[in-house]
Ligand code: ADP
């Protein structure tokens, strides 16, 4: 606990004394520390792609542009890094909007299997390109009340992760169903898994099990933080089961 003391001298009949008022400022300090850490993380995350952009642009200006092969290779890196930077900035803006509760959900009644299938169509090709099998096990004809764009964003984040952390030849299973008072949707993969000690932390902003791998796959480290906020905005909850070397399964529950 961190206590702050305000001391006031008092003069009484029996002599001089001090009145001490103690304030518990643990929570304030903790918030301050989290804010400082977040700013440091953001700066670091932004600096890495910018340094790389600058380095490759300078090398091109210094003469590498004369060589057509090098020129192409470096321009591709610059393009790739700027896309990642754009994604990172987009995720940061999105997260700050969601966290400050400026996001208004546009709730609509929709058939769950339709919405899920529509979302899957936008990412299916990429999944096949990564040589992964995709299985859909969707209970038909039940209606849910969600913000369709935000729900798709949740699913795409989970599916992109399943894709990034599952080696070629593996599979992803997306299922959904309804119970009496709730409905659920699950994304399971046969990928690298998440060590038990990291599991409680992966929903934190910028927490990654393997930084290099996340960067390589174009990750921003913010995907799951966004997912968790959006699920909670829908009054839902998210559960994780994972075993290193076997796979990972995220299950979301929403009230009906
Ligand atoms: P990133 O952009 O790094 O993927 P996320 O917030 O989406 O950031 O995920 C945080 C971390 O959780 C990832 O860096 C990865 O280590 C781990 N992770 C997320 N999903 C999976 C998965 N399906 N399989 C294995 N690890 C995962």
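Numbering (full-length UniProt numbering), first residue to last: 325 to 580. Note that beta-carbon positions come from the ideal geometry of N, C-alpha and C, so glycine has one too.
* To do: List the endpoints of the continuous beta strand (DSSP E) containing residue 578.
  => Translated into positions along the chain shown, residue 578 becomes position 254. Looking at the DSSP string, the run of the beta strand (DSSP E) that includes residue 578 is 571 to 579.
* Asked: According to DSSP, is residue 426 helix, strand or coil?
  -> As a first step, residue 426 is located in the chain shown; it is residue number 102 there, counting from the start. Three-state DSSP puts residue 426 in coil, outside helix and strand.
* **Which of helix, strand or coil DSSP assigns to residue 333** => For this step, residue 333 is matched to residue 9 along the chain shown. In the structure shown, residue 333 sits in a strand (DSSP, three-state: E or B).
* Provide the residue span of the beta strand (DSSP E) that contains residue 563, from first to last. => The count along the chain shown starts at 1 and reaches residue 563 at position 239. Start and end: 561 to 567.
* From residue 546 to residue 422, what distance separates their C-alpha atoms? -> Residue numbering aside, residue 546 sits at position 222 when the chain shown is read from its first letter. Residue numbering aside, residue 422 sits at position 98 when the chain shown is read from its first letter. Looking at the two C-alpha atoms, the distance is approximately 12 Å.
* Would the C-beta of residue 294 count as close to the ligand ADP, meaning under 7 Å from any of its heavy atoms? -> The question about residue 294 has no answer here: the residues shown for the chain are numbered 325 through 580.
* **First and last residue of the uninterrupted beta strand (DSSP E) at residue 502** => By one-based count along the chain shown, residue 502 stands at place 178. Where residue 502 is concerned, the enclosing beta strand (DSSP E) stretches over 495 to 502.
* Asked: Would you say residue 327 faces chain B, with C-beta separation under 8 Å as the test?
  -> Given the protein chain composition of this structure (a single chain), no chain B is represented.
* Flag this pair as touching only if the segment 408 to 418 and the segment 433 to 445 have three or more C-beta atom pairs under 8 Å; answer yes or no. => no
* Asked: Would the beta-carbon of residue 577 fall within 8 Å of that of residue 561?
  -> The sequence position of residue 577 within the chain shown is 253, counting from 1. The sequence position of residue 561 within the chain shown is 237, counting from 1. It is a contact, given that the beta carbons lie within the stated cut-off.
* Asked: Counting only runs that start and end within the segment 429 to 512, where is the beta strand (DSSP E) found for 3 or more residues in a row?
  -> 431 to 435, 457 to 462, 467 to 471 and 495 to 502
* Using alpha carbons as the reference points, say which of 508, 360 and 486 lies closest to residue 517. => As a first step, residue 517 must be located in the chain shown, where it is residue number 193. Of the candidates 508, 360 and 486, the one whose C-alpha sits nearest the C-alpha of residue 517 is 486.
* To do: Could you say which of 495, 431 and 387 lies nearest to residue 455 if we only look at CA atoms?
  => The residue given as residue 455 occupies position 131 in the chain shown. The candidate whose alpha carbon is nearest that of residue 455 is 495.
* Which residues does DSSP pair with residue 344 in a beta bridge? -> Position 20 of the chain shown, counted from the start, is the residue given in the question as residue 344. Residue 344 is bridged to 331.
* Do you know how far the Cα of residue 564 is from the Cα of residue 520? -> Counted from its first residue, the chain shown places residue 520 at position 196. Counted from its first residue, the chain shown places residue 564 at position 240. A direct Cα-Cα distance of roughly 10 Å separates residue 520 from residue 564.
* To do: Check whether the Cβ atoms of residue 574 and residue 498 sit closer than 8 Å, and answer yes or no.
  => In the chain shown, residue 574 corresponds to position 250, counting from 1. In the chain shown, residue 498 corresponds to position 174, counting from 1. Contact flag unset, no.
* Skipping 5 residues on each side, what residues in its chain have a beta carbon closer than 6 Å to that of residue 353? -> The sequence position of residue 353 within the chain shown is 29, counting from 1. Within the same chain, residue 353 has close Cβ partners 326.
* Asked: From residue 532 to residue 572, what does the alpha carbon distance come to, in whole angstroms?
  -> Taking the chain shown and counting its residues from 1, the one referred to as residue 532 is at position 208. Taking the chain shown and counting its residues from 1, the one referred to as residue 572 is at position 248. Approximately 15 Å, taken between the alpha carbons.
* **Close Cβ partners of residue 554 (< 6 Å) along its chain, the five nearest in sequence each way excluded** => As a first step, residue 554 must be located in the chain shown, where it is residue number 230. Only 474 and 478 meet the Cβ criterion.
* Measuring alpha carbon to alpha carbon, tell me which of 339, 356, 341 and 328 ends up nearest residue 348. => Start at 1 with the first residue of the chain shown, and residue 348 comes out as number 24. Here the closest residue by C-alpha is 328.
* Write down the C-beta distance between residue 406 and residue 370 rounded to the nearest angstrom, noting that I regard them as a contact closer than 8 Å. => Locating residue 406 in the chain shown gives position 82, where the first residue counts as 1. Locating residue 370 in the chain shown gives position 46, where the first residue counts as 1. Not quite, the Cβ-Cβ distance comes to about 12 Å (not below 8 Å), so this is no contact.
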